[in-house]
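Going by my numbering, the first residue of the sequence shown is number 102, and it counts up by one from there. Reviewing the structure listed below.
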Amino acid sequence: MTATGTGTGPGPAAGTGIRMTAPAPGWSITADVVVVGSGVAGLTAALRCAAAGRRTVVVTKARLDDGSTRWAQGGIAAAIGDGDTPEQHLADTLVAGAGLCDETAVRTLVTEGPDAVHRLIGTGARFDTAPGSDEIALTREGGHHRRRIAHAGGDATGAEISRALVEAVRAAGLRTIENALVLDLLTDAEGRTAGVTLHVMGEGQHDGVGAVHASAVVLATGGMGQVFSATTNPAVSTGDGVALALRAGAEVSDLEFVQFHPTVLYLGPEAEGQQPLISEAVRGEGAHLVDADGTRFMVGRHELAELAPRDIVAKEIMRQAHEQGVEHMYLDGRHFGAQMWETRFPTILAACRSHGIDPVTEPIPVAPAAHYASGGVRTDLRGRTTVPGLYACGEVACTGVHGANRLASNSLLEGLVFAERIAADIAGTPAPQAPADGARPAPEPAPSAPRTALPLLAPEARTAVQRIMTAGAGVLRSAESLARAAAELDRLHREATVAGGPAAVPPAGGEPAGTAATGSAARPADRKAPEPGVEAWEATNLLCVARVLVAAAQRRAETRGCHWREDHPDRDDVSWRRHFRITLDADRALTLHTTATAEFPPTATS
Numbered sequence: 102m103t104a105t106g107t108g109t110g111p112g113p114a115a116g117t118g119i120r121m122t123a124p125a126p127g128w129s130i131t132a133d134v135v136v137v138g139s140g141v142a143g144l145t146a147a148l149r150c151a152a153a154g155r156r157t158v159v160v161t162k163a164r165l166d167d168g169s170t171r172w173a174q175g176g177i178a179a180a181i182g183d184g185d186t187p188e189q190h191l192a193d194t195l196v197a198g199a200g201l202c203d204e205t206a207v208r209t210l211v212t213e214g215p216d217a218v219h220r221l222i223g224t225g226a227r228f229d230t231a232p233g234s235d236e237i238a239l240t241r242e243g244g245h246h247r248r249r250i251a252h253a254g255g256d257a258t259g260a261e262i263s264r265a266l267v268e269a270v271r272a273a274g275l276r277t278i279e280n281a282l283v284l285d286l287l288t289d290a291e292g293r294t295a296g297v298t299l300h301v302m303g304e305g306q307h308d309g310v311g312a313v314h315a316s317a318v319v320l321a322t323g324g325m326g327q328v329f330s331a332t333t334n335p336a337v338s339t340g341d342g343v344a345l346a347l348r349a350g351a352e353v354s355d356l357e358f359v360q361f362h363p364t365v366l367y368l369g370p371e372a373e374g375q376q377p378l379i380s381e382a383v384r385g386e387g388a389h390l391v392d393a394d395g396t397r398f399m400v401g402r403h404e405l406a407e408l409a410p411r412d413i414v415a416k417e418i419m420r421q422a423h424e425q426g427v428e429h430m431y432l433d434g435r436h437f438g439a440q441m442w443e444t445r446f447p448t449i450l451a452a453c454r455s456h457g458i459d460p461v462t463e464p465i466p467v468a469p470a471a472h473y474a475s476g477g478v479r480t481d482l483r484g485r486t487t488v489p490g491l492y493a494c495g496e497v498a499c500t501g502v503h504g505a506n507r508l509a510s511n512s513l514l515e516g517l518v519f520a521e522r523i524a525a526d527i528a529g530t531p532a533p534q535a536p537a538d539g540a541r542p543a544p545e546p547a548p549s550a551p552r553t554a555l556p557l558l559a560p561e562a563r564t565a566v567q568r569i570m571t572a573g574a575g576v577l578r579s580a581e582s583l584a585r586a587a588a589e590l591d592r593l594h595r596e597a598t599v600a601g602g603p604a605a606v607p608p609a610g611g612e613p614a615g616t617a618a619t620g621s622a623a624r625p626a627d628r629k630a631p632e633p634g635v636e637a638w639e640a641t642n643l644l645c646v647a648r649v650l651v652a653a654a655q656r657r658a659e660t661r662g663c664h665w666r667e668d669h670p671d672r673d674d675v676s677w678r679r680h681f682r683i684t685l686d687a688d689r690a691l692t693l694h695t696t697a698t699a700e701f702p703p704t705a706t707s
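Spelled out as structure tokens, the structure:
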């Protein structure tokens, strides 16, 4: 059940008392800052915090270079070219955001972006240059009226940025914990952030469930694309940061605005998991969208044709496919020639050929797939969430920059700019006087916030969540499809509750290692609770974010940006030029408050 309301909504976060069912921490370390995630946002925040003298620990779910950043092909947008200005970048971003961008946040992004990119270059990132010149080569992508996209390795920008930042982190000697899934936020008796619990997978300095105690936590966990069957996101993108923040009592916003990238390599109706992305830069260099007869269908549909904002292109591809009774359209870049494909888009060329398609000689079959979450954990301009001491940046955050639809290649820039702002805010607060590792006692929850274990979803239900979301909350949505999705997700939610049952959680760090926090509630003999573990934790997080996304999509009875309601095809500024602020209650129900205008109110920590 979802409660709704309007106006200012909830006050300062007090926490839900809900914690993931997991063994109690068997080890702990201390730091000033723990950064969760190792993409451009996480590593930039970590480097800046360490440079400011804060003891910083980086926790990442896989290897340091395995996050979403390294999959970014197109590039990073910034007004660094001749004749371009932050004002022009601002205008393009606001148009793409379809009336829901926070203009102050966007202005911050576009004015601080150019210097942030140059600092990234100073860190060691090498961008492609124009032939015979030292000037950075710039290209165009959808929604941009100027060439302002810097790229590296042709179509391997993210990989180059990741390489440079990982090398800088290692050179700086930052402490890192790899292959670690973050579980929950630790708080002190006043409700302030006091670190995280996490589970380390495999052998290493630490293993199993442990804790990192720190007075500042930076969530940079990336997206939640794995909530859909087909996505461009890597397997680690299971919404862990958003789910953790909800359990901690933080607000999330704009989760209904999931951007479906219009040109993803179509591998058939049964394709699941991470799909090969065909970068928007391919269209930026002049490739055309065509149907099976070779007819360009974007001409006349938008002034920028194939370079219209992504939501518009995705909708037109779906509309054209439905009209013709087919599953996909085509991207035709045969006129590029072999040399351009091999030098400008070597990664895409190799991916296509590995699936038996040669872009040099044939059009590429493409269809939209889940790509980017424009919403996330709500923050202010310093990256502060509604929970004191908890920050968020990158795709996991909702800064207000993207509104209802992210402008192409603004994501890497947002991670860069707001990570630097978070570090500056942390550096501006007095450094805590922390004891040595192991000497700090585990923080206890506030007496008013009893802790209960979250019933786990069975790992095999992950596929069910993905198929429910793809069918009911994908590119095309309606009241009927969303109601069906909500009902099916609620069924999974109830089944997990029956199997797991409510259970008390022992104090974090207060039980011996290996003590399971599953409680002793009676359970039906025919339904066994899933064992705590990575697969069950990920499935549970996916169910959590899926429920929020569907609740918001049901409530927003209009079409805006990348939220497309077939039963409400028009944009309605009078009723819906506003945001939803969603929180999780202690009984795991969702509470949805609507802002009075398109402006976000201050966070509780602002």
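In this text, a Cβ means the ideal position worked out from N, Cα and C, and glycines have one as well.
So what's residue i in DSSP terms, helix, strand or just coil?
{"i": "P187", "result": "helix"}
{"i": "S455", "result": "helix"}
{"i": "M325", "result": "coil"}
{"i": "A626", "result": "Caution applies to A626, whose pLDDT of 45 falls short of 50 and renders its modelled position unreliable; the model cannot decide the point."}
{"i": "S263", "result": "helix"}
{"i": "V400", "result": "strand"}
{"i": "Q655", "result": "helix"}
{"i": "T170", "result": "helix"}
{"i": "T696", "result": "coil"}
{"i": "I379", "result": "coil"}
{"i": "T553", "result": "strand"}
{"i": "G385", "result": "helix"}
Rank the options by C-alpha distance to the C-alpha of residue i and give the top, closest one.
{"i": "A687", "options": "A192, L555 and I379", "result": "L555"}
{"i": "A281", "options": "R248, L266 and V337", "result": "V337"}
{"i": "E636", "options": "I119, I278, Y473 and T564", "result": "T564"}
{"i": "E428", "options": "F329, D392, L450 and A697", "result": "D392"}
{"i": "H314", "options": "G323, T322, I569 and L286", "result": "L286"}
{"i": "G324", "options": "E639, S676, A217 and D671", "result": "E639"}
{"i": "H190", "options": "R171, E213 and L201", "result": "E213"}
{"i": "R276", "options": "V283, C453, V158 and V518", "result": "V158"}
{"i": "A221", "options": "A146, R678 and L408", "result": "Reading off the sequence shown, one finds Leu at residue 221, where the question assumed Ala. Looking at the Cα atoms, A146 is the closest of the given residues."}
{"i": "A132", "options": "G387, P631, G154 and K162", "result": "G154"}
{"i": "E291", "options": "C645, H219, V488 and R522", "result": "V488"}
{"i": "R485", "options": "T500, G476 and D668", "result": "T500"}
Tell me, please, which residues DSSP counts as bridged to residue i.
{"i": "M430", "result": "V467"}
{"i": "F361", "result": "A471"}
{"i": "F519", "result": "F519 is not bridged to any residue."}
{"i": "A498", "result": "V478"}
{"i": "V135", "result": "V158 and V318"}
{"i": "H664", "result": "R661"}
Along the alpha helix (DSSP H) that carries residue i, what are the first and last residues, could you check?
{"i": "H423", "result": "R411 to Q425"}
{"i": "A393", "result": "A393 -> no alpha helix (DSSP H), and no H or E assigned at all."}
{"i": "R48", "result": "Past the boundaries of the shown model lies residue 48; the chain is included only from 102 to 707, so the question cannot be answered."}
{"i": "A562", "result": "A562 to G573"}
{"i": "M441", "result": "A439 to R445"}
{"i": "H219", "result": "E204 to T224"}
Give me the Cα-Cα distance between residue i and residue j, rounded to the nearest whole angstrom.
{"i": "G184", "j": "G176", "result": "19 Å"}
{"i": "T704", "j": "Q440", "result": "51 Å"}
{"i": "L558", "j": "S354", "result": "24 Å"}
{"i": "A520", "j": "A123", "result": "30 Å"}
{"i": "L482", "j": "P702", "result": "12 Å"}
{"i": "M419", "j": "D289", "result": "49 Å"}
{"i": "T696", "j": "G143", "result": "29 Å"}
{"i": "P335", "j": "G401", "result": "35 Å"}
{"i": "G259", "j": "E589", "result": "37 Å"}
{"i": "I119", "j": "L514", "result": "34 Å"}
{"i": "E496", "j": "G426", "result": "34 Å"}
{"i": "G342", "j": "E581", "result": "30 Å"}
{"i": "H245", "j": "K629", "result": "53 Å"}
{"i": "L650", "j": "W665", "result": "13 Å"}
{"i": "F681", "j": "A272", "result": "42 Å"}
{"i": "A317", "j": "V414", "result": "40 Å"}
{"i": "A192", "j": "E242", "result": "15 Å"}
{"i": "P608", "j": "V283", "result": "Only weak support is given to the placement of P608: the predicted model assigns it a pLDDT of 45, under 50, and the value that follows is read from those uncertain coordinates. Spanning the two alpha carbons is a distance of roughly 17 Å."}
{"i": "P613", "j": "P126", "result": "Residue confidence for P613 is low, a pLDDT of 34 falling below 50, so the modelled location carries little weight; the figure read from the coordinates is stated next. When rounded, the distance between both Cα atoms is 8 Å."}
{"i": "G476", "j": "R264", "result": "27 Å"}
{"i": "A226", "j": "T692", "result": "43 Å"}
Provide the residue span of the beta strand (DSSP E) that contains residue i, from first to last.
{"i": "L284", "result": "A281 to T288"}
{"i": "V159", "result": "T157 to V160"}
{"i": "S129", "result": "S129 to T131"}
{"i": "R682", "result": "F681 to L685"}
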